[in-house]
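If you number the sequence shown the way this note's numbering does, the last residue is 1670 and the count never jumps.
The beta carbon of each residue, even a glycine, is placed where N, CA and C say it ideally should be.
Fair warning: this is a prediction, and the values are worked out from it, not measured in the lab.
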Amino acid sequence: MGIQFEKKRGLFHLTSNTTSYILKKTDDGDLLHLYWGEKLRDPDIGYILRPSLRAFSPSTHTTNAELSFDTLPMEYPFHGTGDFRNPGFTVRYHNGAAATELKYKKHSISKGKAILEGLPATYTRSDEEADSLVIEMEDNITGISVELQYAVFNKIDAICRSVRLANRSRQSMYIENAMSCSVDFQDSEFDMLQLSGSWIRERHIHKRRLQPGSQSIESKRGVSSHMQNPFIALVRPDATEFQGDCYGISLVYSGSFKAEAEVEQFGSTRVTMGINPFNFSWKLNPQDSFQTPEAVLVYSNKGLNGMSSAYHQLYRKQLCRGSFREKTRPVLVNNWEATYFDFDETKLLEIAKIAGNLGIELFVLDDGWFGKRDDDTSSLGDWFEDRRKLPEGLDGLGKKIRKLGLDFGLWVEPEMISKNSELYNEHPDWCLNIPERRKTEARNQLVLDLSRPEVCDWLIDTMSKVFSSTNLAYVKWDMNRNLTEVFSIAYPADQQGEIAHRYLLGLYRVLEHLVKKFPGILFESCSGGGGRFDPGMLFYMPQTWTSDDTDALERLKIQYGTSVVYPPFTMGSHVSAVPNHQVQRVTPLLTRLHTSMCGNFGFELDLEHLSDQEKDIIIQHIKLYKEIRTLIQFGDFYRLSSPFENNLTAWMFVDDRQSEAVLFYCRALAQPHAPQEVIRLQGLDADKDYKLLNYDSFFEVMGYKEIYGGDALMKAGFRVTPMIGDFQSALLRFKA
Ligand code: DGJ
């Protein structure tokens, strides 16, 4: 495992447990991509390339007219000198030309993994965990130098890629496109899988067969977005959840991005992913450099679950940081769907009191506690308590909440400014805006110009004061609109293409500062639910409010789709009232509980409205959750039956010793004269016997046993329990 370079054959062989990634440096100094897939013993597979003359593909090598950049598999393709496919990057040079030809210059191999200055990225805790390779390429005519950065994790099948572009000339140049990675596949027999949707419908799984030409997903919104997640996978058409080749690419970035698969004339496929080149440019002065975000590549021949499992491990252990990486997450109650803006201290304490009696551990005060915010038309930026609602301020409320036995957490939306605010009166020019145009509002708010260091400094200072005002255990960091008028009065005309990315760099700096300064606070990111559920945010905040949609049935799809890349311990999931506020559906309390218990469990409803019987059920389930949460939050997750394809959704959790498992299933609609359904479990030890802990007279009457062979549960399966009515679920525990 690791990274080998064979000088004679010019081969770079990057290997993890089960994966090989192979590059070839030719005698001409080209860097070709030979292979990415199941591990090979010998990387010498250059024979698969067959140079030949192809009409309309220019001869790019004087040594051999059959060689063309247009048909060779390029490791980081360039534009304007023969390759007509999508480039990895495009730079416009001082004379207006945009043609480049990169040649190998040098490389270095080292232990460990370097950090990406100012950007979120996966990391190692010891140098033994990963090996790194940096290959420097250059174009000696223009002076552009390109550093291709790779890291291979030894125990997790992931390869991280990023790129640094540097200007070694004496004149400024403009980067118009800088992808984090490009991969050429030999063929195009793939489905492209993406996680797409909308607000309250995030990360639904969509698949399409690749076709000649380009197919892409992107965000132009300045955020990763509800609509497309920064992730795609190419999967073989016969791949299932548990077998077949899957190639995932996930971008550690929270802004506008693009992922594109281009099937060219001879049937090969080029996949590129990175910052969206749309409306992007970056002025690179002499000796300056530009660092792209990181792309995380995961190959698995064990189907989608195999791929997800690598992402889960990597993002849980080597992307999330801070003490909460290892700590179990508290059961919380959030007052948003209980009160919206209409609350005072008395109301909050009533909710907190009941919460304490139910076994809830954390009370979260959501939007509406600051300025004069009685609705969403004002006060963002005025981060001081509204004494009408909180006469003794945050600290007074916090103390009372703690007295009730709960920790206290707070909602903020720091990146925003309301026109109707003291901050706006003082600094009307602190928002992103184009002076002569309308300032477009969304949810009645504007976006602070975080490309400006002084605005970021103010934000660090202001949030530090809020976070120190009482003993906060948790912060929910919200962001409720996308970027318009992306322009900053602080930058000249030829740097306006940088603003969207500079906004992110500013935000990342603010977050880095705050999470380091407040290590005891558990941060949860949010953007109208899951509008910024991306690896970039997880680097700073180890959990995300998965969606504003709290309907149990909708959550099946959202949580299932999200799990393709992100582990359950990153997903906030709350029980809310019925009829559900987003879709008006009425689902049973048990189903709402079970679905929410499969992530970071919480409640978001007026607890005062619960009947005694409902309270009893909730008490039992909170107790149960506390018993199983280590397994839910840190165990291995397996998707068993998809809500996108079946009436029955099923998934399960298994601990790393295979001694405990939790099986969840939910049947959407009752079916007349329904077929018998069996779920085959995964991840158990075939040689162990497992006791069904839920076993009681119901199971006995229905003909179930108490003890099952692990092999039987995985091969013969478990018969789905009879359920009456729509939207029914079960949560079953097995113990070895
Ligand atoms: C959007 C979030 O997703 C909600 O949970 C809530 O915090 C509101 N914002 C508050 O304005």
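### Query
Measuring from the CB of N1414, is there a heavy atom of the ligand DGJ at a distance below 7 angstroms?
yes
### Task
Run the CB neighbour count on R1143, radius 10 Å, all protein chains shown included, and call it buried at 16 or more, exposed below.
exposed
### Query
Is it the case that the CB of D1482 approaches a heavy atom of the ligand DGJ more closely than 7 angstroms?
Judged by the Cβ position, D1482 qualifies as a neighbour of the ligand DGJ at the 7 angstroms threshold, a heavy atom of the ligand being closer than this.
### Query
Between which two residues does the alpha helix (DSSP H) containing Q1547 stretch?
1546-1568
### Message
Measuring straight from C-alpha to C-alpha, what distance separates P1011 and T1226?
### Response
Those two C-alpha atoms are separated by around 15 angstroms.
#### Entry: Contact under 8 angstroms by Cβ, V1080 with S1042
For V1080 and S1042, no; Cβs fall outside 8 angstroms.
### Message
Checking 8 angstroms against the spacing of the C-beta atoms, do S1116 and G980 come in under that value?
### Response
In this structure, S1116 lies away from G980, with their beta-carbon atoms at least 8 angstroms apart.
#### Entry: I1151, enclosing beta strand (DSSP E) - first and last residue
Looking at the DSSP string, the run of the beta strand (DSSP E) that includes I1151 is 1147-1152.
### Query
Over what stretch of residues does the beta strand (DSSP E) that includes I1139 continue unbroken?
Counting along the chain, the beta strand (DSSP E) containing I1139 begins and ends at 1135-1143.
### Task
Following the continuous beta strand (DSSP E) through Q1477, name the residue where it begins and the one where it ends.
1477-1479
### Task
Buried or exposed for R1160, please, with buried defined as at least 16 other CB atoms from any protein chain shown within 10 angstroms of its CB.
For the sequence presented, residue 1160 should be read as His rather than Arg. By the 10 Å Cβ count, H1160 comes out buried.
### Message
Does the contact criterion of 3 or more C-beta pairs under 8 angstroms hold for the segment 1091-1101 versus the segment 1162-1173?
### Response
Touching, no, given that fewer than three Cβ pairs across the two stretches are closer than 8 angstroms.
### Query
Three or more beta-carbon pairs under 8 angstroms between the segment 1240-1256 and the segment 1264-1281, yes or no?
no
#### Entry: Boundaries of the beta strand (DSSP E) in which P1469 is found, first to last residue
Run containing P1469: none in the beta strand (DSSP E); it sits in the alpha helix (DSSP H), 1469-1474.
### Message
Excluding the 5 residues flanking S1114 on each side, which residues of the same chain have their C-beta closer than 7 angstroms to its C-beta?
### Response
Cβ neighbours of S1114 within its own chain (closer than 7 angstroms, five residues either side excluded): R1095, S1096, V1097, L1185, M1207, G1208, T1226, P1227, E1228, A1229.
#### Entry: Where E1446 sits in the DSSP three-state scheme
helix
### Query
Could you check where the alpha helix (DSSP H) with L1324 kicks off and where it finishes?
Bounds of any alpha helix (DSSP H) do not take in L1324, whose DSSP letter is neither H nor E.
### Task
With hydrogens ignored, establish whether the beta-carbon of D1320 is closer than 7 angstroms to any heavy atom of the ligand DGJ.
No, since every heavy atom of the ligand DGJ falls outside the 7 angstroms radius drawn around the Cβ of D1320.
### Task
Could you spell out where the alpha helix (DSSP H) holding Y969 opens and where it closes?
First-last for Y969: 965-972, but that is the beta strand (DSSP E), not the alpha helix (DSSP H).
### Query
Does DSSP put S1116 in a helix, a strand or coil?
strand
### Task
Please classify T1504: does DSSP put it in a helix, a strand, or coil?
helix
### Message
Rounding to the nearest angstrom, what Cα-Cα distance links Q918 and I1049 in this structure?
### Response
No answer is possible for residue 918: the residues shown for the chain start at 935 and end at 1670.
### Query
DSSP on G1330, reduced to helix/strand/coil?
helix
### Task
Mind the definition here: the segment 995-1009 touches the segment 958-971 only if three or more C-beta pairs lie below 8 angstroms; say whether that holds.
Counting Cβ pairs under 8 angstroms, three or more are found: they touch.
### Message
Can you tell me whether M1648 is helix, strand or coil according to DSSP?
### Response
Residue state for M1648 is assigned as helix, using DSSP reduced to three classes.
### Query
Nearest to E1136 by CA position, among D1428, F1652, Y1494, L1597, is which residue?
Across the set D1428, F1652, Y1494, L1597, the C-alpha of Y1494 shows the shortest separation from the C-alpha of E1136.
### Message
Once the 5 residues before and after D1621 are set aside, which same chain residues still bring their CB inside 7 angstroms of it?
### Response
Taken in chain order, the residues that qualify are G1644.
### Query
Three-state secondary structure (DSSP) at H947?
strand
### Message
Tell me which residue opens and which closes the beta strand (DSSP E) that R1601 is part of.
### Response
1594-1601
### Task
Could you tell me whether any non-hydrogen atom of the ligand DGJ is closer than 7 angstroms to the CB of W1479?
yes
### Short Cβ contact (8 angstroms threshold) for K1306 with D1320
yes
### Segment contact flag, the segment 1574-1590 with the segment 1493-1510, C-beta cutoff 8 angstroms, min 3 pairs
yes
### Message
Taking the alpha-carbon of D1316 as reference, which of N1514, E1360, G1178 has the nearest alpha-carbon?
### Response
The option with the nearest alpha carbon to D1316 is E1360.
### Message
Starting from A1486, trace the beta strand (DSSP E) in both directions and tell me its first and last residue.
### Response
Looking at the DSSP string, A1486 is not in any beta strand (DSSP E); the run it does join, the alpha helix (DSSP H), is 1486-1496.
### Task
Following the continuous alpha helix (DSSP H) through W1270, name the residue where it begins and the one where it ends.
1270-1273
#### Entry: V1025 to N1111 span [Cα, whole Å]
7 angstroms
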